[in-house]
Ligand SMILES: CC(C)(COP(=O)(O)OP(=O)(O)OC[C@H]1O[C@@H](n2cnc3c(N)ncnc32)[C@H](O)[C@@H]1OP(=O)(O)O)[C@@H](O)C(=O)NCCC(=O)NCCS
């Protein structure tokens, strides 16, 4: 079966909604309306079966959570097509899209943690990611008995701690030492110097 993964097209909205809502009815993901899919169409990829006149057999979307974090949502492969590497292809293309869009991390909330771990994600504490991850959860029928786990992948190399260059003090720093710099002390030295001179003048006089 020649399968192609590509950006979703307007005429595929209905098929995408049917696929997502099929799994949503089994409590495997949140439902998505056709209107919501159409509104975010640029964030959706589909897997189509070319031998079946581009039938939509898989889909997945990116949902921005913060400026740097994006979530994979509504990842679904039609049952007849599961176990053939199409889910992995879709996730890898969604990761590539997230990189193109310059996100730093990509995450998913899932019951299929092993599937995501095989693809290089790491299991993380669900509360450690942005609280925005859970924004949609209030609409979920499983809100109070959630069994999903959070998985996360870094898309950029963690920044190496900046090496402090050896501090070179400016030349003027050698001219005045701290003890000498204190204005009160300078004033006192000046004052006592003056009064010593006056004293000597009186003696001489
Ligand atoms: C989970 C799902 C997306 C996986 O898609 P898929 O096309 O069947 O998976 P793939 O064939 O690409 O599998 C890729 C690898 O993950 C493994 N894998 C797939 N599903 C797995 C699972 N549930 N548990 C453990 N490993 C799994 C495969 O064995 C394969 O491993 P390999 O590379 O060593 O051969 C698909 O089964 C699905 O749509 N399920 C129902 C909806 C759902 O739960 N979506 C996830 C919401 S986040």
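Numbering (UniProt numbering), first residue to last: 1 to 205. Even for Gly, the Cβ is constructed at its ideal location relative to N, Cα and C.
**Message:** For residue 68, which residues in the same chain have their Cβ closer than 8 Å to its Cβ, ignoring the five residues on either side in sequence?
**Reply:** What you label residue 68 is simply residue 68 of the chain shown in a count that begins at 1. Contacts found: 103, 104, 105.
**Message:** I'd like the span of the beta strand (DSSP E) that includes residue 45, first residue to last.
**Reply:** By 1-based counting over the chain shown, the position of residue 45 is 45. Looking at the DSSP string, the run of the beta strand (DSSP E) that includes residue 45 is 44-49.
**Prompt:** So which of 50, 66, 72 has the shortest CA-CA distance to residue 60?
**Reply:** For the purposes of this step, residue 60 is taken as residue 60 along the chain shown, with counting starting at 1. Among 50, 66, 72, the Cα nearest to that of residue 60 belongs to 72.
**Check: residue 121 C-beta below 6 Å from any heavy atom of ligand 1** = The residue labelled residue 121 in the question sits at position 121 within the chain shown. Residue 121 Cβ: outside cutoff for every heavy atom of ligand 1.
**Message:** Going by beta-carbon coordinates alone, are residue 148 and residue 111 separated by less than 7 Å?
**Reply:** The sequence position of residue 148 within the chain shown is 148, counting from 1. The sequence position of residue 111 within the chain shown is 111, counting from 1. It is a contact, given that the beta carbons lie within the stated cut-off.
**Request:** Output the boundary residues of the alpha helix (DSSP H) element that contains residue 35.
**Result:** Start at 1 with the first residue of the chain shown, and residue 35 comes out as number 35. Start and end: 34-39.
**Closest by C-alpha distance to residue 8, when choosing among 121, 90, 156** = As a first step, residue 8 must be located in the chain shown, where it is residue number 8. The option with the nearest alpha carbon to residue 8 is 90.
**Asked** Cα-Cα, which of 63, 161, 160, 120 is closest to residue 39?
**Response** Counted from its first residue, the chain shown places residue 39 at position 39. The candidate whose alpha carbon is nearest that of residue 39 is 63.
**Prompt:** residue 83 by DSSP, collapsed to three states: which one?
**Reply:** On the chain shown, position 83 is the one that residue 83 refers to. Note: residue 83 maps to coil in three-state DSSP.
**Prompt:** Which stretch, first to last residue, makes up the beta strand (DSSP E) that contains residue 13?
**Reply:** Stepping through the chain shown from its first residue, residue 13 is reached at position 13. Here residue 13 belongs to no beta strand (DSSP E); instead the alpha helix (DSSP H) covers 13-24.
**Message:** To test your reading of the DSSP string, which unbroken alpha helix (DSSP H) runs of 4 or more residues are found completely within the stretch 127-160?
**Reply:** none
**Request:** State the DSSP-derived secondary structure class of residue 217, mapped to helix, strand or coil.
**Result:** The question about residue 217 has no answer here: the residues shown for the chain are numbered 1 through 205.
**Minimum C-alpha distance to residue 133 - residue among 108, 77, 14, 116** = Residue mapping note: residue 133 aligns to position 133 of the chain shown, counting from 1. If we check each option's Cα against that of residue 133, 108 comes out closest.
**Request:** Inspect the beta-carbon positions of residue 56 and residue 100 and report whether they are closer than 7 Å.
**Result:** As a first step, residue 56 is located in the chain shown; it is residue number 56 there, counting from the start. As a first step, residue 100 is located in the chain shown; it is residue number 100 there, counting from the start. No, these two residues do not count as a Cβ contact at 7 Å.
**Cα-Cα separation between residue 41 and residue 31, rounded to whole angstroms** = In the chain shown, residue 41 corresponds to position 41, counting from 1. In the chain shown, residue 31 corresponds to position 31, counting from 1. About 16 Å.
**Other residues of its chain near residue 211: CB distance less than 8 Å, five sequence neighbours each side excluded** = Missing from the structure shown is residue 211; the chain here goes from 1 to 205 and no further.
**Per DSSP, the bridge partner or partners of residue 70** = Locating residue 70 in the chain shown gives position 70, where the first residue counts as 1. 64, 106, per the DSSP bridge assignment.
**Asked** Mind checking whether the beta-carbon of residue 135 lies closer than 6 Å to any heavy atom of ligand 1?
**Response** Walking along the chain shown from the start, residue 135 turns up at place 135. Result no, Cβ not under 6 Å from ligand 1.
**Asked** Alpha carbon to alpha carbon, how far is residue 78 from residue 85?
**Response** Walking along the chain shown from the start, residue 78 turns up at place 78. Walking along the chain shown from the start, residue 85 turns up at place 85. When rounded, the distance between both Cα atoms is 12 Å.
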